[in-house]
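Q: Sharing a structure with you now.
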Amino acid sequence: MAINSTVTKTQVHTALLQYLDERNIVYREIQHQATYTSEESSVARGEDLFIDGKALLMKVDDQFHLFVLSAVKKCDSKKIKERFNAKELRFATNDELLKFTELVPGSVPPFGHPILPFDLFIDESIVRNEKIAFNAGLLTQSIVMQVADYLKIVNGQIFSFSTDR
């Protein structure tokens, strides 16, 4: 199910589960209290922080892209600028995030097309893990799945754009 930029939070969550189910992906869905940080989410999930996939919507020059990296890492702007030969790089504002995804910070799943309308870039810190955990379009719903399955279905480009915190 293709998702455009006018979807609701519930539609992203539902579309994501449908996308996983249609591809026979094994995952664990966890309902928990609302979490606003990766640290809170990992505690609520009972998982280590390093498997948490932090999805960041960023504007590279004049185009938005979705970047996912381990929550124990931080984004290295220089590496992203070099990859895209970009002059400008910034995080999407909360208003832009809401406008393009109808999601709030902390709820963005690490999926580009067809779930969210962005090209997806995956940091090598994700690839090194066995599992990935993330909020699934809602602050109260998480998914934990195998990284190998995640990489098979997301059509993301992998490169190193993180650094240690």
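Whatever position you read off the sequence shown (first residue = 1), add 10 for the numbering used here.
All C-beta atoms in this analysis are idealised placements derived from N, C-alpha and C, irrespective of residue type, glycine included.
Note that the structure is a prediction, hence the values are computed from the model and not measured.
To the nearest angstrom, how far is the alpha carbon of SER80 from that of THR103?
A: Counting from 1 along the sequence shown, the entry for residue 80 is found at position 70. Counting from 1 along the sequence shown, the entry for residue 103 is found at position 93. C-alpha separation (whole angstroms): 21 Å.
Q: For the region 106 to 121 and the region 82 to 91, state whether three or more C-beta atom pairs, one from each stretch, are separated by less than 8 Å.
A: Because the criterion of three Cβ pairs below 8 Å is not met, the region 106 to 121 and the region 82 to 91 do not touch.
Q: Let me know if ILE168 comes out buried or exposed under the rule of 16 or more other beta-carbons within 10 Å of its beta-carbon.
A: Taking the sequence shown and counting its residues from 1, the one referred to as residue 168 is at position 158. Exposed.
Q: Assuming ALA96 contacts VAL70 under a Cβ cut-off of 8 Å, what Cβ separation, rounded to an integer in Å, is found between them?
A: Here the question's residue 96 lines up with position 86 in the sequence shown. Here the question's residue 70 lines up with position 60 in the sequence shown. That pair is a contact at about 5 Å.
Q: Flag this pair as touching only if the region 54 to 73 and the region 152 to 164 have three or more C-beta atom pairs under 8 Å; answer yes or no.
A: Judged by Cβ distances under 8 Å, the region 54 to 73 makes contact with the region 152 to 164, as three or more pairs qualify.
Q: Could you check how far apart the C-beta atoms of LEU149 and LEU107 are, in whole angstroms? I think they sit under 8 Å.
A: Position 139 of the sequence shown, counting from 1, holds the residue named residue 149. Position 97 of the sequence shown, counting from 1, holds the residue named residue 107. With 8 Å as the limit, LEU149 and LEU107 do not qualify as a contact, their Cβ atoms being about 13 Å apart.
Q: Would you call the CB atoms of PHE171 and ASP133 closer than 7 Å?
A: Within the sequence shown, the letter at position 161 stands for residue 171. Within the sequence shown, the letter at position 123 stands for residue 133. It is a contact, given that the beta carbons lie within the stated cut-off.
Q: Please check the pair ILE125 and ILE61, which I expect to be a contact at CB under 8 Å, by giving their CB distance rounded to whole angstroms.
A: Working through the sequence shown from its first residue, we reach residue 125 at position 115. Working through the sequence shown from its first residue, we reach residue 61 at position 51. Actually they do not touch by this definition, with Cβ atoms about 20 Å apart.
Q: Relative to the C-alpha of PHE110, which candidate in HIS75, HIS42, LYS89 has its C-alpha closest?
A: Residue 110 sits at position 100 when you count from the first residue of the sequence shown. PHE110 has its Cα closest to that of HIS75, out of HIS75, HIS42, LYS89.
Q: Pick helix, strand or coil for ARG55, following the three-state DSSP scheme.
A: Taking the first residue of the sequence shown as position 1, residue 55 is located at position 45. Reduced to three states, the DSSP call for ARG55 is helix.
Q: Report the start-end ranges of each beta strand (DSSP E) in the region 26 to 101 that is 3 residues or longer and not cut off at the edges.
A: Listed in chain order, the complete beta strand (DSSP E) runs (minimum 3 residues) inside the region 26 to 101 are 37 to 41, 63 to 70, 73 to 80, 83 to 85, 99 to 101.
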